[in-house]
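> Note that the working numbering has the sequence shown beginning at 806, numbered continuously upward. Glycine included, C-beta positions come from ideal geometry on N, C-alpha and C.
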Amino acid sequence: MEAGVNRPPITIPPSGNAKHSLPDSYAFVPAVALKTTAVAVPECSVSEVTSCLDEAITQERRWIEDALPHLETKLTCGDAIAWAAYHASIQPPVEDPPALHALLPLFYEKSATPAMIKHGMDVLRQAVEFLNPGQIPVTTFDQPRFVLAKCIQWKWPGTHDEKVHVVMLGGLHTEMAFWNTLGDVLDGSGWTTALTEAGVASPGTANSYLKAAHLTRTRRAHQTTLLTLHNLQKEAFLLSEGSKDYVCFNAWKNDMQKKSPTFMYWDLVMKYETLILIFIRAHRKKNFPLYVQVLD
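1) With 16 other CB atoms within 10 Å as the buried threshold, where does A1087 fall?
2) Candidates L839, E870, S830: which alpha carbon is nearest K1039's?
3) Whose C-alpha, out of I1081, A1018, D1101, is nearest the C-alpha of I862?
4) Between the Cα of T998 and the Cα atoms of L987, Y1014, T986, F1054, which residue gives the shortest distance?
5) With distances taken between CB atoms, is the gap from K923 to V837 smaller than 8 angstroms?
6) Alpha helix (DSSP H) containing V952: first to last residue?
7) Output the boundary residues of the beta strand (DSSP E) element that contains V972.
8) Tell me the DSSP bridge mates of T1079?
9) In angstroms, rounded to a whole number, what distance separates the CA positions of F1084 and C882?
10) Are the beta-carbon atoms belonging to P942 and L929 less than 8 angstroms from one another?
11) So, with DSSP's three-state summary, where would you put T944?
12) Hey, A1003 and A1026: beta-carbon distance below 8 angstroms or not?
13) Please state the DSSP three-state secondary structure of L905.
14) For the candidate residues P813, P835, E853, F833, whose alpha-carbon lies nearest to that of L1095?
15) Would you say K955 and V971 are within 8 angstroms of each other, going by their C-beta atoms?
16) If I measure Cβ to Cβ from F1054 and keep anything under 7 angstroms in the same chain, skipping five residues before and after, which residues do I get?
17) Under 8 angstroms between the Cβ atoms of L858 and Q1098?
18) Where do the N-terminal and C-terminal ends of the alpha helix (DSSP H) with Y831 fall, by residue?
19) What is the DSSP secondary structure of R812, reduced to helix, strand or coil?
20) Taking only the alpha-carbon atoms, compute the straight-line gap between E860 and F833 and give it to the nearest angstrom.
21) Once the 5 residues before and after L1000 are set aside, which same chain residues still bring their CB inside 7 angstroms of it?
22) Excluding the 5 residues preceding and the 5 following T855 in the sequence, name in chain order all residues of the same chain whose CB lies nearer than 8 angstroms to its CB.
23) Measuring CA to CA, which of W996, D1101, R1024, P1008 is closest to T1067?
24) Give the straight-line distance between the Cα atoms of L839 and K1016, rounded to the nearest whole angstrom.
25) Return the Cβ separation of T1118 and G975 in integer angstroms, given the expectation that the two are a contact with Cβ distance under 8 angstroms.
26) At 4 residues or longer, and completely inside the region 964 to 1023: list those alpha helix (DSSP H) runs for me, N to C.
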């Protein structure tokens, strides 16, 4: 790729009597016709991604094994029992170059329209090509606008398809959808009652976790739930007969899933919570292969 063009900074508001006018190619939003109810998805071939999910699950298991002993002791300042604190403590220092941020002039037009979405993709593509020729632009949308962007890519495959413009659903909205879906699974299970009786949250706050009304609190509640369920599984396994190694634990868990629907249900909840936490970690660490695998 070429080096691009260095541009001098623009002072806003301009000093003196100088005024900056936007070019028509930027300010004018061309009208487009797009029927979102009749889209044709083009065929494409996707190469298989190297599996990295097993290692990610192992890292989550290490966090649990590190955190469980702290449940029985008094915490000190250096204890990284929280999920985010533990993974931050074991992450090697990374010296990424600082990102360059820029705010483009805003539009008066409504953003959730095919014309504005297509024009925005065109403007971003031109800006990226000007500053860094050859780079494929990546645009993140929330859910309603993501749908329009995909329809635009499918209708104009030559200029806007996945090979020339990457369109992503925002990680925040995806995480909220995950917790919301898991909330549907947990609805009526007694989970919110258990959180209330344990003093984790008030009844109203606990019920809000089912819909992920407050993302950070919902995430912490599920981290607490995951640790608690693992602790209960460990205690039940230690009370069972036979060896106590990891292989026997997996065999015991598989046997319990066949015997008890309740055990199988909460084990499924644990798996969902683990996968969502892996998704969050992949998004934060910019691990795109792992990000794709969790979604798959």
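Reading from the atomic positions:
1) buried
2) Nearest C-alpha to K1039 among L839, E870, S830: E870.
3) I1081
4) Nearest option by C-alpha distance: Y1014.
5) yes
6) 948 to 960
7) Unbroken beta strand (DSSP E) run through V972: 971 to 974.
8) Paired residue(s): none; T1079 is not in a bridge.
9) 28 angstroms
10) Yes, Cβ-Cβ distance for P942 and L929 is below 8 angstroms.
11) strand
12) no
13) In the three-state reduction of the DSSP assignment, L905 falls in the coil class, being assigned neither a helical nor a strand state.
14) E853
15) no
16) F1042
17) yes
18) 829 to 832
19) Three-state result, R812: coil.
20) 49 angstroms
21) A1006, A1011, A1026
22) P1094
23) W996
24) 33 angstroms
25) Since the first residue of the chain shown is 806 and the last is 1101, residue 1118 is not available in this structure.
26) 976 to 991, 996 to 1002, 1008 to 1013
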